[in-house]
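Adding 26 to a residue's 1-based position in the sequence shown gives its number in the working numbering.
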Amino acid sequence: IPLPRMSSVELASLGPDLHMSLLEEVREHVRLVSARAAFTEAEARKRAASLLCAGALSGFLGFCFAFAIGIVREQTAGKRDVNGRLFESGRGYFPATVSEMVHNQSEPS
Numbered sequence: 027i028p029l030p031r032m033s034s035v036e037l038a039s040l041g042p043d044l045h046m047s048l049l050e051e052v053r054e055h056v057r058l059v060s061a062r063a064a065f066t067e068a069e070a071r072k073r074a075a076s077l078l079c080a081g082a083l084s085g086f087l088g089f090c091f092a093f094a095i096g097i098v099r100e101q102t103a104g105k106r107d108v109n110g111r112l113f114e115s116g117r118g119y120f121p122a123t124v125s126e127m128v129h130n131q132s133e134p135s
């Protein structure tokens, strides 16, 4: 409900009953606005928490998939050098970090 702009002299001239009813309306309006602000803040907090969880899960799954692809690659083609010969030790090169596995964008791992 839009309230008319009145000076304190005009409010005093309206009488105590109308003055009190306008004051109660203003208090009710402030209470409603405060409740809406609290609801909006709570909703934003829930959204932030769910987005944080989704991002963390996506990052973890990406790490796991890159690691799995790196293991499969090492087991299948990682035991050979650039000339196609098996390494003398029989062990292939396995990168120390996932970052090292995914540094080349043209290969999946």
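All C-beta atoms, glycine included, are put in the ideal place defined by N, C-alpha and C.
Residue i classed as buried or exposed, judged by whether at least 16 other C-beta atoms fall within 10 angstroms
i    : result
V108 : exposed
G116 : exposed
Simplified DSSP assignment, three categories, for residue i
i    : result
R117 : coil
R73  : helix
R106 : strand
Beta-carbon separation (whole angstroms), residue i vs residue j, contact threshold 8 Å
i    : j    : result
G88  : P121 : At roughly 16 Å, the Cβ-Cβ gap does not stay under 8 Å, so G88 and P121 are not in contact.
V128 : A94  : In fact, because the Cβ distance is near 12 Å, the residues do not count as touching under 8 Å.
Is there contact here, the segment 97 to 107 with the segment 77 to 85, by at least three beta-carbon pairs under 8 Å?
no
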